[in-house]
Every structure is written in structure tokens, then in C-alpha cells.
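Residues 919 to 1003 in the numbering used here are what the sequence shown spells out, letter by letter.
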Amino acid sequence: YRFGEGRPLDFAAAARWYKNAADAGNPIAQLNYAEMLETGRGVSRDRMAALMWYSRAARQGNAWAAVQRDRLAVKASQHRLRGSR
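Next comes the structure, spelled out in C-alpha cells:
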């Protein structure tokens, strides 16, 4: 559904499938669901939830999720600092 391979693109359906697998503990699905949350594709944009899912995947050894978690955490921190001025 996410890439439209063999069927029309359907980001909402992709997000639902990723969420189900993420809830079951699949670190790749957790990473993919976090990406969808961060970008707002198929779901409402929620960067804090994305950060949580990146963290869960990273705790299971997903190195790319750790990179994404750290990048998003820095971005969120910079945003908070700009807002406090």
C-alpha cells in the first residue's frame, strides 16, 4: 500500500498495517510507522509519537531508527529553544 506495488497507493492502509505490526513488536514496522507519523503520510502528523516509535525500534537494535530518533530529538530541541526566546 505504501509504495503502490501491485495495487493503488493507500497511505492510510499502509499506516494501519505498520501500526498493527509495530504494536506486535516488529522493529521494521515501528521504524516505518514512525516515518509516516513524522511526515503525516496516511496519518495525522505527530512528531512526538514518531520519536517514541523510533525509540522503540532503536531499543530493539534498529540502527537507522536510532539515527532518526536522534535527528528528530535534536530538531525538537531546537524548535523548543526557538520558541522560548
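Note that beta-carbon positions come from the ideal geometry of N, C-alpha and C, so glycine has one too.
- Nearest Cα to T957 within the set Q996, P926, Q986: Q986.
- For Q978, the three-state secondary structure derived from DSSP is coil.
- DSSP, read as helix, strand or coil, puts V985 in helix.
- In the DSSP annotation of this structure, A942 is not part of any alpha helix (DSSP H), being labelled neither H nor E.
- Its chain contains A975, Q978, N980 as the residues whose beta carbon lies nearer than 6 Å to that of P945, once the 5 sequence neighbours on both sides are disregarded; these appear in chain order.
- By the neighbour-count criterion, in which 16 or more other beta carbons inside 10 Å mark a residue as buried, A942 falls on the exposed side.
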